[in-house]
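Numbering (mature numbering (1 follows the signal peptide of the UniProt record, and there is no 0)), first residue to last: -27 to -1, 1 to 88. We put the beta carbon where it would ideally sit given N, CA and C, even for glycine. Below is one structure, written out as structure tokens, with a few remarks after it.
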Amino acid sequence: MKPLPILACTLAVLATAAIHAPAPAIAKQGMPPGLAKQGGIPPGLRGKCLPPGHAKRWALGQHLPRDCWNRADAWHLKRLPYAGEGREWVRVAQDFYLIAVATGIIIDVVDGWDR
């Protein structure tokens, strides 16, 4: 057999395999290139909605998604106005929001209290 047809067939098979190969592990969807190269989100940002510097400012009447906030701790609750029945104070970064528990609608805002 001649080496040229064998070489051509081998290259065709390798080229097809390269085209249909899965994307490299570095190209993680929804992550900035720097974080993808580092192997994921740093532990301090895990579970947060947006990274620092990209903070979303929520406004009165908007729905606050459940995965973006944490309940206000006891120290802050003592210093915030009474929430009332069916409402609760929650924290997003350094801002506090009074939300309706049933709907997640923002009723009141205290901006940048811990700054």
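Per-residue burial, residue i [other beta carbons within 10 Å of its own, 16 or more giving buried]
| i | result |
| --- | --- |
| Ile(-22) | exposed |
| Leu71 | buried |
| Val74 | exposed |
Pick from the options that is closest to residue i, judged by C-alpha positions
| i | options | result |
| --- | --- | --- |
| Phe69 | Glu58, Gly59, Thr76, Arg44 | Arg44 |
| Ala66 | Thr76, Val82, Tyr55, Gly59 | Val82 |
Through-space distance from residue j to residue i, alpha-carbon basis
| i | j | result |
| --- | --- | --- |
| Leu33 | Ile78 | 8 Å |
| Ala(-1) | Thr(-18) | With a pLDDT of 49 at Ala(-1), under the threshold of 50, the modelled position of that residue is not reliable, and the figure given next carries that caveat. If you take the alpha carbons of Ala(-1) and Thr(-18), they lie about 28 Å apart. |
| Ala(-16) | Pro(-25) | 14 Å |
Residue-level contact to chain B via CB, residue i, 8 Å cutoff
| i | result |
| --- | --- |
| Trp42 | Within the model displayed, chain B is absent; a lone protein chain is all it includes. |
Distance CB(residue i)-CB(residue j) smaller than 8 Å
| i | j | result |
| --- | --- | --- |
| Leu53 | Trp42 | no |
| Ile80 | Arg60 | yes |
**Message:** Give the list of continuous beta strand (DSSP E) stretches no shorter than 3 residues that lie fully inside the segment 43 to 77.
**Reply:** 60 to 65, 68 to 73
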